[in-house]
Structures are given as structure tokens and as C-alpha cells.
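J.: After the C-alpha cells below, expect a handful of questions from me.
The following block contains the structure:
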């Protein structure tokens, strides 16, 4: 079967194929790890922006509550004070005094029930709904918005 005159040659090129396969597998692994790293950075960016927007909306609601329930004695009802809330001054100061990449939050205040004449409803049965909407962005790719609502009792003496 074997011819003794034939010289046996070792295989050539198999190491090259194995080396190329290993390099290809390592390149795919590196590409997947890079993609996972970018995904983690995107998630962290959204989380930070969401937290900033949440706290800005919360601060806006607290500002509105200080306007509705002032420390000084007020003869106005809470529903009347609600109509006079203009959040533009306070919210501009909230955003301009820090390094947030957020727009000024939008504060709305309305008496519930809105469609009824409030003069016929006792003040202790009226409710006030304060809504703050804050939006933060990183300036390029992400924008996060948070909305918070606070329901207040209409009676300022309670």
C-alpha cells in the first residue's frame, strides 16, 4: 500500500486557517463588548437625565405649594391663589442657577371640579391639581420628560 519511495510531506497551511479563525472570533467578541459598553452608557445617560427632570418637576411642585399656602396670612382662597400662579419667574431661576441641561418646567394649577361654579361648592370639598412637566436633554440624542402631579385640598385653614 505504501510506496517507500514516496516522501511524506507534513500538512501546510492548517495553522494559518486556525489563526484566522481565532482572530475572527476575537474580533467578533471585541465588537460585541464595544456595543454593550455603548448600550450601558446610553442607559446611564437616560437615567441621569430622568433623575434631573424628576427632581426639577418635584421642585416646581414645591414652589407652587409655597405660593398656594404662604407662611404669611392670606385672605385669598387657595382656588384664587391657584389662578394667579405664574411659574415662569421661579422656574427660570431654577434652571438658570444650576448646570442642568433642562428647559424651564411648565407648571399648571387648576381647581377641581373645573367645569362647575366653585362658589356653590364648599371650600373643604374643592381640590387643587398642580402639575409640573420638566424636560431635560443631553443636547444631541436623548431627551427625557417627567410629569408630577400634586392634589391639594382647597381649604387653606385645614
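Numbering (UniProt numbering), first residue to last: 1 to 158.
Here a beta-carbon is modelled for each residue, glycine too, at the ideal position from N, C-alpha and C.
Please read these numbers as outputs of a predicted model, since none were measured by experiment.
1) What is the rounded straight-line gap between the Cα of residue 60 and the Cα of residue 33?
2) If you draw a straight line from the C-alpha of residue 71 to the C-alpha of residue 49, how long is it?
3) Determine the contact status of residue 125 and residue 78, defining contact as a CB-CB distance below 8 angstroms.
4) Taking a contact to mean a Cβ-Cβ separation below 8 angstroms, would you say residue 102 touches residue 52 in this structure?
5) Considering only residues of the same chain and omitting the five flanking positions on each side of residue 19, which have a CB-CB separation below 7 angstroms?
6) Over what stretch of residues does the beta strand (DSSP E) that includes residue 108 continue unbroken?
7) When the distance is taken between beta carbons, is residue 144 closer than 8 angstroms to residue 130?
8) Using three-state DSSP, classify residue 73 as helix, strand or coil.
T.: So, to answer that:
1) If you take the alpha carbons of residue 60 and residue 33, they lie about 41 angstroms apart.
2) Each residue's alpha carbon lies about 33 angstroms from the other.
3) For the 8 angstroms CB-CB criterion, residue 125 and residue 78 do not form a contact.
4) Contact: yes.
5) Correct list: empty, nothing qualifies.
6) DSSP places residue 108 in the uninterrupted beta strand (DSSP E) bounded by 106–112.
7) If you check the CB distance, residue 130 and residue 144 do not come in under 8 angstroms.
8) In this structure, residue 73 counts as coil in the three-state DSSP scheme.
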